[in-house]
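Residue numbers (our numbering): 1 to 163.
No residue lacks a Cβ here, since even glycine has one placed at the ideal position from N, Cα and C.
One structure below.
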């Protein structure tokens with residue numbers, strides 16, 4: 001098989017990648033449950049917090065910015081983009097796949113955190129118990145829907161036939 005054929009994205013490889021992303025999200029959610037326990041969004045961790053800011057409302061869904069989340073979000077972005085850095089390939093399709101993977105990772109990780117956390121579970125996945133998610137729609141945080149829509153658009157564009 002030539003490099004050119006390996007370079008073309010296939011739906012099958014993208015689905016395997018997404019399955020890997022969900023697997024990573026499962027493991028990270030479990031690790032985060034061990035770190036945070038039932039106190040979501042680092043409410044009981046010894047970390048700095050910025051609670052109220054117009055910028056947090058615009059870019060962070062109104063949630064607090066914590067030192068914990070600043071570092072862990074940055075670290076995971078580096079993880080998802082590291083294959084591009086290691087290979088030296090910064091093609092738009094590769095960049096898009098990394099970004100879509102990162103988005104899917106955080107949506108799945110957050111949802112799994114609620115589902116498998118003994119302090120929460122499905123019955124407590126709601127705006128009252130998950131108070132740090134301020135905006136909900138169709139039974140889930142708005143960020144989930146927006147993130148998945150952006151990831152889907154990126155992935156559809158990735159597989160769109162070239163002219």
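Please classify residue i: is it buried, with 16 or more other beta-carbons within 10 angstroms of its beta-carbon, or exposed?
i, result
"residue 33", "buried"
"residue 57", "exposed"
"residue 113", "buried"
"residue 165", "Since the first residue of the chain shown is 1 and the last is 163, residue 165 is not available in this structure."
"residue 127", "exposed"
"residue 143", "buried"
"residue 21", "buried"
"residue 130", "buried"
"residue 151", "buried"
"residue 139", "exposed"
"residue 12", "exposed"
Contact defined as beta carbons within less than 8 Å: I believe residue i pairs with residue j. What is the distance between those atoms, to the nearest angstrom?
i, j, result
"residue 100", "residue 155", "5 Å"
"residue 42", "residue 68", "4 Å"
"residue 97", "residue 158", "6 Å"
"residue 76", "residue 102", "7 Å"
"residue 9", "residue 93", "6 Å"
Under the criterion of a Cβ to heavy atom distance below 8 Å, does residue i qualify as lining the ligand NAD?
i, result
"residue 83", "The ligand NAD is absent from the structure shown, which contains no ligand whatsoever."
Legend entry - Sufficient close CB pairs (3 or more, under 8 Å) joining the region 46-59 to the region 82-91: no
Legend entry - the region 114-121 in contact with the region 27-37 per 3-pair CB rule at 8 Å: yes
Legend entry - Cβ contact check for the region 60-77 and the region 121-140: 3 or more pairs under 8 Å: yes
Legend entry - Stretch-stretch touch, CB-based, cutoff 8 Å, three pairs: the region 100-115 with the region 13-26: yes
Legend entry - Uninterrupted alpha helix (DSSP H) stretches inside the region 45-78 (no shorter than 4 residues): 54-59
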